[in-house]
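Trainee: With the UniProt record's numbering, the residue at position 9 of the sequence shown is 9, and numbering never jumps.
Glycine included, C-beta positions come from ideal geometry on N, C-alpha and C.
Given the structure is predicted, the values throughout are model-derived calculations rather than measurements.
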Amino acid sequence: MAAGELADRFPVSRPAVSRHLRVLREAGLVTARAEGKRRLYALDLRPLREIDEWLEPYRDLWARRLDALDTEIARGRRARRTGDGA
């Protein structure tokens, strides 16, 4: 997809989209190829897969911790509603 096409999908300026694409390209997350006067960008999933694989051992741990946090937040909300500040 061309930078202009991408920019049309987001509420930011075309120069901002171009800057983001440059950063993503430098990070290896997108590839760019010239087609006439246009530069077409494509997402490169390989680095994202590497991150996904690296994060895999931590998913269960974080899921449990986030579930516990959600429980505590709900408990706090109930306590505020009932006036039970204990």
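#1: Using 8 Å as the threshold, is the C-beta distance between Ala3 and Val17 below it?
#2: Residues in the same chain with beta-carbon distance under 6 Å from Arg33, minus the five sequence neighbours each way, listed in chain order, please.
#3: Could you say if the stretch 41-50 and the stretch 62-78 meet the contact criterion of at least three C-beta pairs nearer than 8 Å?
#4: What three-state label does DSSP hand Ala2 in the structure shown?
#5: Would you call the CB atoms of Leu45 and Val30 closer than 8 Å?
Mentor: Based on what the coordinates show:
#1: yes
#2: Leu40
#3: no
#4: strand
#5: no
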